[in-house]
Structures are given as C-alpha cells and as structure tokens.
Amino acid sequence: MRRKIRVSGAFREPFERTSARHAGKASVSAGSCRNKQAAQKAGFFLLFCCILMTLLFLGSIIYFVFAGGSKVVNWDFLTQWPRNAMTEGGIFPALLGTFYLTLGAVTVALPLGLACAVYLCEYTPGSLALNAIRIGINNLAGVPSVVFGLFGLAVFVKFFGFGVSLLSGSLTLGILILPGIISASQEALMAVPNSLREASFALGATRWQTIKKIVIPQALPGILTGVILGIGRAAGETAPILFTAAAFYTRRYPQSPFSEIMALPYHIYALMTEGTHPRQQTAIAYGSALVLLILVLLISGTAVFIRQRQRSIYG
Amino acid sequence: MDKEIRMRAEGVNFFYGSRPALKDVNLEIYRNQVTAIIGPSGCGKSTFIRLLNRMNDMVPKSRLEGRIFLDGDDIHDPDTDVVDIRRRVGMVFQKPNPFPKSIFENIKYGLEINGMRDKSVIEDKVVDSLKKAVLWEEVKGRLYDSALRLSGGQQQRLCIARCLAVEPEVILFDEPCASLDPISTSRIEELLMELKQEYTIVIVTHNMQQAARVSGNTAFFLLGEMVEFGKTQDIFTKPRDSRTEAYITGRFG
Amino acid sequence: MFFPSSFVPHIMKKLISRERIYAAAFGIPAFACLFFLAGITLVLFKEGLPLFAKVRPWDFLSGTAWYPTHEDPEFGILPLLAGSLWVTAGAMLVCLPLGIGSALYINEIAGNTQKAVLKPLVELLAGIPSIVFGFFGMVVVAPFLQRLLHIPTGLCAFTASLILGIMAVPTVCSLSDDALSYVPASYREASLALGATRWETLIKVVLPAAGSGISTAAILGFSRVMGETMTVLMVSGGAAIIPRSFFQPVRPLTSTIAAEMGEAAVGSTHYQALFAIAMLLFTLTLIFNIAAEILSRRYRLKLGLQR
Numbered sequence: 001m002r003r004k005i006r007v008s009g010a011f012r013e014p015f016e017r018t019s020a021r022h023a024g025k026a027s028v029s030a031g032s033c034r035n036k037q038a039a040q041k042a043g044f045f046l047l048f049c050c051i052l053m054t055l056l057f058l059g060s061i062i063y064f065v066f067a068g069g070s071k072v073v074n075w076d077f078l079t080q081w082p083r084n085a086m087t088e089g090g091i092f093p094a095l096l097g098t099f100y101l102t103l104g105a106v107t108v109a110l111p112l113g114l115a116c117a118v119y120l121c122e123y124t125p126g127s128l129a130l131n132a133i134r135i136g137i138n139n140l141a142g143v144p145s146v147v148f149g150l151f152g153l154a155v156f157v158k159f160f161g162f163g164v165s166l167l168s169g170s171l172t173l174g175i176l177i178l179p180g181i182i183s184a185s186q187e188a189l190m191a192v193p194n195s196l197r198e199a200s201f202a203l204g205a206t207r208w209q210t211i212k213k214i215v216i217p218q219a220l221p222g223i224l225t226g227v228i229l230g231i232g233r234a235a236g237e238t239a240p241i242l243f244t245a246a247a248f249y250t251r252r253y254p255q256s257p258f259s260e261i262m263a264l265p266y267h268i269y270a271l272m273t274e275g276t277h278p279r280q281q282t283a284i285a286y287g288s289a290l291v292l293l294i295l296v297l298l299i300s301g302t303a304v305f306i307r308q309r310q311r312s313i314y315g
Numbered sequence: 001m002d003k004e005i006r007m008r009a010e011g012v013n014f015f016y017g018s019r020p021a022l023k024d025v026n027l028e029i030y031r032n033q034v035t036a037i038i039g040p041s042g043c044g045k046s047t048f049i050r051l052l053n054r055m056n057d058m059v060p061k062s063r064l065e066g067r068i069f070l071d072g073d074d075i076h077d078p079d080t081d082v083v084d085i086r087r088r089v090g091m092v093f094q095k096p097n098p099f100p101k102s103i104f105e106n107i108k109y110g111l112e113i114n115g116m117r118d119k120s121v122i123e124d125k126v127v128d129s130l131k132k133a134v135l136w137e138e139v140k141g142r143l144y145d146s147a148l149r150l151s152g153g154q155q156q157r158l159c160i161a162r163c164l165a166v167e168p169e170v171i172l173f174d175e176p177c178a179s180l181d182p183i184s185t186s187r188i189e190e191l192l193m194e195l196k197q198e199y200t201i202v203i204v205t206h207n208m209q210q211a212a213r214v215s216g217n218t219a220f221f222l223l224g225e226m227v228e229f230g231k232t233q234d235i236f237t238k239p240r241d242s243r244t245e246a247y248i249t250g251r252f253g
Numbered sequence: 001m002f003f004p005s006s007f008v009p010h011i012m013k014k015l016i017s018r019e020r021i022y023a024a025a026f027g028i029p030a031f032a033c034l035f036f037l038a039g040i041t042l043v044l045f046k047e048g049l050p051l052f053a054k055v056r057p058w059d060f061l062s063g064t065a066w067y068p069t070h071e072d073p074e075f076g077i078l079p080l081l082a083g084s085l086w087v088t089a090g091a092m093l094v095c096l097p098l099g100i101g102s103a104l105y106i107n108e109i110a111g112n113t114q115k116a117v118l119k120p121l122v123e124l125l126a127g128i129p130s131i132v133f134g135f136f137g138m139v140v141v142a143p144f145l146q147r148l149l150h151i152p153t154g155l156c157a158f159t160a161s162l163i164l165g166i167m168a169v170p171t172v173c174s175l176s177d178d179a180l181s182y183v184p185a186s187y188r189e190a191s192l193a194l195g196a197t198r199w200e201t202l203i204k205v206v207l208p209a210a211g212s213g214i215s216t217a218a219i220l221g222f223s224r225v226m227g228e229t230m231t232v233l234m235v236s237g238g239a240a241i242i243p244r245s246f247f248q249p250v251r252p253l254t255s256t257i258a259a260e261m262g263e264a265a266v267g268s269t270h271y272q273a274l275f276a277i278a279m280l281l282f283t284l285t286l287i288f289n290i291a292a293e294i295l296s297r298r299y300r301l302k303l304g305l306q307r
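Chains as they are written, first to last, in this note's numbering: chain D, 1 to 315; chain Y, 1 to 253; chain S, 1 to 307.
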C-alpha cells in the first residue's frame, strides 16, 4: 500500500492557524515538518543500502564463482572422469552421483510428503493428531543438517547395514527434504477451492476418488514447486552425505544402490581439504562450484518461476 | 396430496455444536413434483436441504436428531452407504462449480466414479445429459473446450447435466439462480418444469416469486423451524400461519 | 436404470473397507515427520549417552580442553561451544540489520515492479548451497581479509561470521517480510492519517507491531546459523580453543562433528562424544524452534489473526 503524503501549503495552513492560537505551547511547525522529511529520506536511504548490500554481497559470490569457474568448465569437464590424482579431467561421476542422490531423495520424500499433506488437508484429523503432526514437521525442518548425517550414519549405514552407499545417502537426504515437500504440498492442496470437492461429493464420489481425480490434479503445480525446491536443496547439501554416501573417488560407475558414490558438493569440499595439489585442484573446485551453483539456481529458478505464474493467475 | 412420497423428514433437529439450527422439522417430498423451500436468510433452508444428501456430514461438531427417509429407508442408518445416497440424491449448488476440465470431462467424471467404463456408452450418456439440460445445442461443437469458458448460466446448466448423468432419483437445488442473470434464471426455471416429469425436485430459493412460479408444494422456514408446508397455491393465497402471511406480503425478509 | 438398487448392498461393503484402507494409507505416513524426529532423538541419545558413564556431564560441558585423540583423551566442549556462540553472534550482527532492513525495504518502500523482482530474487538467493559459501569464503574472502587486515590467517571467527551472516540474510529477510505483511493496513492508515511520515509509521508503528514476528525470524535465523556446518568447516579455522578475539581460528560444534566423525572408530569414546555434541546441538535447536513457534503464535493472536 503506497500513499504519497505531501505536506502542501494548503494542508499546512489550518495547522498553523491552530498553532498560532496555542502560541507558546509546543506545536507542529513548518520547520519540524522539514526535519521529518529529511529523517524519512535518510531512513529510506539506509534501508535501500541494506537491500543493495545484500544483493551486492550475494552477487559478488556469484560473480567470483563464475569468473573462476568459467575458465575451467567446458564440455569435457562435464563429461569426463577425473584423471591424474584429481588434477585433471572432469567431474562427470560427481554429477552422476548428485543426480542419483537427488532422485533417490525425491523417491523417498514425495510419497511420504504427499500422503502427509493429503491426510492433513483432506481427512482433517482431530486437533490432537493435527498438532502432533505439525510439531513433527516444524521441528524436523529446523534440525541441523549434520545431525541428519549422524542419524543416517547410525541408522542406515550401521544399524541397517547398508554401509556408506547411495541408498543410505538418499534415505538421509529424503528425510531432510521431507518437511519442505509437506509444506508446499499442503499449501497447494488447501488452495483448491472447496466448491470443487463439494461438486464431486454431490455426484456420489468417495473421498479417495475426489482426491485422486480432482484435488491432486488441481494442486499439481504447487506440489511440483515443492518437489523442485526439494531437489535443489538435496543437490546442494553436503553434511548429510559426508558419512553416509560420499567418496572422494570411485573407480567405476555405481554398480548398485549399495555402492559409494561421488557427489558434487562433497567433491568441492574434498578437493579443498583433502587435495594434494592445491593449485590445479582449486581450479577444479571452482569449476565444480560453478556447475553446482548453476544447477541449483536453475532448479530454484524453475520453482520460483512456476510459483510466480501460479500467483499471477490465481492471485 | 396422497401422491407417492419420495423423501420424508421426521422430527429433524440439527445442531452446529450446541447451537440449534433446525427445530423439529417434519416434511414430505412428493415424487415428480417440485417442492420449494422458502424463508429469510439464516432460517435453515440450506442447512436442511444439505441434510437430504448428507452433505452436512462433513461439518465438524454437528449433530442430527430425528430421521430422514429416502423411499422408506433411513439414510443415516449405519448400514447405508453414504456415497450411494449422494448418487441417488443429486445436488446443484448456488455458485456453479464445474471442474477445471473440459465440458465432456466434467460429465464423464460422474460416470467414471460410478464404475462406467465403456467409451461408447459414456459418450451417449454425455450427449443425453447435455440434451436434457438444454445445453447440447450451445456446446455441441466444443465439447473439449474448458468448462470455465462458459457463461454463468451455461456453467450452471453444465452442473445440472453433470448431475443428471449419474441418474439420480431426487435432485436438490440450493438457490441455483442466485448468481445468474434474469434470462439464465428463466431458462433454468423452464428446465426445472421439464425435469420434474422424470425426477423429484427440491429447490431452496430466497425468491418467493420463483417458488410461486415453479413449485407444486412449498415449505416456509423461519429461524430453524418449518412454519408451514402445503400446496404452493395455498401457501401464497391463503396461508394459515400469520408469520407465513407476514413473509409472503413482504413485511420482513 | 443404469444403477440397479440391488447392486448396492454388495458394493457398499467393499467400498467401506476400501475407503478405510485409503484413510490409513494416508494417515500412517502422515506421522512420518514425528516418527523421524523421535527416531533422531532416540538415536542421538542412544549413541551419545554412554559417554557420560565415562565423562561427567559437567566436565563435558565446562571442560576447556578438547583433545579426543590424545593418549589420555579429554572431552571438554567449552571451546567448541564458545566457537559456535562467537560465530553465531557475529553472524547475527551481520544478518539481522541487513535482513530486516532489506525486508523493510521490500515490504514498505519497494513499488510493485520492484517487489516482483526483488522477492523472487531473494528467494532464489536463499537456495545457494552452503558449500559454495564455504568455498567462496575459503578461497576469496579469507586471503583478502588476511591481506587487508594484516591478520595471521583469514580463516577465523570473523570471516566465518561474515560469510554465515550473508548466507542467512535471505532467510531472515523472507521471514521478516512475512511477519511485516501480517501487520494490518489499518495500522498504517491510522498513523498516516494523523500526519506521520511513512518513515515514522514504519519505525514507530509497523516495526513494533511486527516485533514478535521479527523476533521469531531472528530466533529461527539464529538457530539455522548455529546449525550450519559446511561453511564454518571450511572457513573458521579449526582450532579448538576458546577465542580471545574475533580474528582467531575457532572450531564450532558443527564443524567438530563433521571434521572428526571420519576418524572416530564406531563405538569408541570419541564417537560417543561426537554424538553427545550432536545431542546438545539438536536439543538447542529444538528449544529455539519451540520458542520461535510460541512467539509466532502469540504474534498472530496479538494481531487478531486466528490460526
């Protein structure tokens, strides 16, 4: 809501007449109006600086990563395996590993998340169950990612015996992105107008038929947004896969869900902390960071784009 | 008045939480007739009609006392399948609510969920319903266009066609013309006169003249009570209750 | 008639049980989050509690020596805790003003076209992975600061605070923006109608009204920053000492776990100690989350919104 309030002469006069009557007592005068305007200008400028600095800082990160990485990234970089103790070659297996991991994570999180959202929205459970579920979602969302990693280590790697593997990593990442998918799906389902549900019930449809054929198709863009954002998050996370899935170097393509895999974010980390040839490896790390950044920005960008379009259509 | 009774309400009391919305309603709905329910805002007419197909089941913390019968069977009996009741007692809503699908798909939906699979039978039924709802001529060239592109009156007729496709026995109309212009309204009223030959119709309306035009029997509700019920002619020319008379003559409402 | 009534009794029994199955099929996974939360609690406590048979909890929490790999290991986490707190506090100094200021700008000052660009932009930037921030900090910012400020190493609490702060700004900005948009337009109108400038209205009416909501944003921001791992791992320097200045390297709780888990043998005391640290971290973030939740609910009630 914007209102342009301009203290014009016509507005000021009655005020001054009143203040003349109350001469001697404190009153608003033209002078302090000007001070107020100055204060406003200064204040707004300050806020403008805040957003400017924010954009500059974040922009500079993108700039530097682009500058450093674009020297390295080319088609070979994306499609070849690393060579020569990670000082040459490409990052293809890391890309592949990230792809598998995110696929696995979504396979875990989407059915669970959608089921939860559908239950909350369509089956309206009693307030006890509702609160319990909500507490679970909100607090799971706030758990640090390294704690997920430890959970995955203790449960999937050790207890279930999956070992450090694609499976363990996917499961861990799946739990990580679950709250996000539930929130987005729930929002999408609740946006479906009730009149459509009523029309369906009045024709003699069961609840499941209504959900499957009317509600979910209508909510699909919102659900998709949630899934895409989840993919973006899963692709960029390192801590959960540190102990559950990632290896610095795998010789071959992953043979099964039980193999270790390379992953893009871990690759960057390992190059910088375990690498033996800093100069060349920093360059490769720049390239990897650029690829990861572009990947995540593209993914998030798609989701944000879909969401904006939804908002502009449905207001 | 001793025509066949299709639906009957007996001693119906309905509560939202602890607030009574309907008090001791007794009413008969006769086969192949239009029964109108009139009354001022908030008198319980929509609440009542939604009990007839158990749509109010979905209101949390609501309670029903008394019974409602369809062809002699208590519709709230635990052995009765509510889904089947809703197919047999169809509903057309105040604001047209077509699905965001094509015209064809809208009608096909009702058939699919009730188990129809044969494509040619589905097609025939869709055409048939559209003809019955007097919409066929206007949409026959664009069956696969989105239903949301139709005008308000056309959308409402589509909803009626959708309802007809599942072969209900009773059709409930909850203020179907409230959001329509006068021309669409009169078309729907004509449609009602046609439909009553095959179906039993209950219509809730806040428009007294509409009730007088289309219905054979009328019930007057006030503050949750059914004040008077009888032949439309009698209600409008010689009402027995003074409250009915006050409403009819426009002293309130 | 297509639907003979005689069909009904047979179908209805099948339908009833099928619908119940569907309801259960949705109902059981719905509790998944709660289930996992409980699972995490269980696992952390199961693996971490045994530590306290060997080390007294007080020694753990207040001990100033963290030498898990020594001959005679010591497990005092005070330096790690101090590291976490310094870095988080420093990050808050950066992200709160920038984040809340940006939110104020976007919500109150930006025009519709600006808003349409800035809001998605901020959402987008919130998605930049933490490893990229850590990498950037390590490779660009740390050497730069080292040269600029003549400090022995750029990998220190200061750099970590700076990077973490910038990383948290989009999140704090989005949350604050949401809080600000809950303030009813009627408050603003009333203030302007009395002759206040927009700036005065913003500072004296809108911001206080949104106070609890913005506090919620701050608490959640704090919680997220404290739980952040990769950035601090790469930038904070890794020395498990209690810092005396911002320019000393530190090792926060999260990076301790990440850095040392690889070396700790399963079931060893070191392993248990790391899980114990995770227990602490988890409990702290849980407390912050619950506090934020309570605050947020009170905020919405105060503004008269039912949820």
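Think of the CB as a built atom: it goes at the ideal place given N, C-alpha and C, for glycine as much as any other residue.
Closest by C-alpha distance to Asn53(Y), when choosing among Glu123(Y), Glu198(Y) and Met91(Y): Met91(Y)
Leu47(D) and Leu274(S) closer than 8 Å at C-beta: no
Assigned secondary structure, Ile151(S) (DSSP; H/G/I helix, E/B strand, else coil): coil
Touching by the beta-carbon criterion (3+ pairs, under 8 Å), the segment 125–139 of chain D and the segment 193–209 of chain D: no
Partner residues on chain D for Cys156(S), Cβ-Cβ distance less than 8 Å: By Cβ distance, chain D contributes nothing, its closest Cβ being about 17 Å from Cys156(S), past 8 Å.
Outcome for Pro60(Y) when other beta-carbon atoms lying within 10 angstroms are tallied against a minimum of 16: exposed
Top-ranked residue by Cα proximity to Tyr286(D), from Pro125(D), Ser259(D), Pro193(D) and Ile62(D): Ile62(D)
Residues within the segment 96–108 of chain Y neighbouring chain D, beta-carbon criterion of under 7 Å: Asn97, Phe99 and Pro100
Cross-chain neighbours of Pro57(S) in chain D, by beta carbon under 7 Å: Simply none; closest approach about 20 Å.
Bridge partners - Arg8(Y), DSSP secondary structure assignment: Glu28(Y) and Phe69(Y)
Glu263(S) burial status per 10 Å Cβ neighbour count (16 or more: buried): exposed
Cβ-based burial, Trp86(S) [other Cβ within 10 Å; buried from 16]: buried
Asn217(Y) - containing beta strand (DSSP E), residue span: Asn217 to Leu222
Paired residues, beta bridge with Pro20(Y) - DSSP: Phe15(Y)
Interface residues of chain D facing Val166(Y) [CB-CB closer than 8 Å]: Leu203 and Gly204
Per DSSP, cross-strand counterpart(s) of Ala36(Y): Ile203(Y) and Thr218(Y)
Under 7 Å from the C-beta of Ser127(D): neighbouring residues of chain S: By Cβ distance, chain S contributes nothing, its closest Cβ being about 12 Å from Ser127(D), past 7 Å.
Residue of Ile201(Y), Gln154(Y) and Val82(Y) minimising C-alpha distance to Thr185(Y): Gln154(Y)
Distance, Val170(Y) Cα to Leu195(Y) Cα: 10 Å
Where Arg79(Y) falls, given that 16 or more other Cβ within 10 Å makes a residue buried: Checking the displayed sequence, the identity of residue 79(Y) turns out to be Asp instead of Arg. Exposed, by the Cβ-count rule.
Chain Y contact residues for Ile214(D), given Cβ-Cβ distances below 7 Å: Phe99
Three-state secondary structure (DSSP) of Met91(Y): strand
Cross-chain neighbours of Ala154(D) in chain S, by beta carbon under 7 Å: Val43 and Glu47
Distance, Cys173(S) Cα to Val12(Y) Cα: 55 Å
Exposure label - Pro193(D); buried when at least 16 CB within 10 Å: exposed
Status (buried if at least 16 other CB within 10 Å, exposed otherwise) for Phe45(D): exposed
Neighbourhood of Arg88(Y) by C-beta, 6 Å cutoff - its chain only, sequence neighbours within 5 removed: Pro168 and Glu169
For Ser300(D) and Ser84(S), the rounded distance between their alpha carbons: 30 Å
Cβ-Cβ distance between Thr87(D) and Gln280(D) below 8 Å: yes
Gly101(S) to Cys121(D) span [Cα, whole Å]: 36 Å
Selection of the segment 109–139 of chain Y by Cβ proximity to chain D, strictly under 9 Å: Tyr109, Gly110, Glu112, Ile113 and Asn114
Contacts of Gly142(D) in chain S (Cβ-Cβ under 9 Å): Leu220, Ser223, Arg224, Gly227, Thr285, Leu286, Phe288, Asn289 and Ala292
Distance CB(Val227(D))-CB(Gly174(D)) smaller than 8 Å: no
Collapsed DSSP secondary structure at Val170(Y) in the structure displayed: strand
Minimum C-alpha distance to Cys159(Y) - residue among Lys95(Y), Glu4(Y), Ile29(Y) and Gly42(Y): Lys95(Y)
Where Pro82(D) sits in the DSSP three-state scheme: strand
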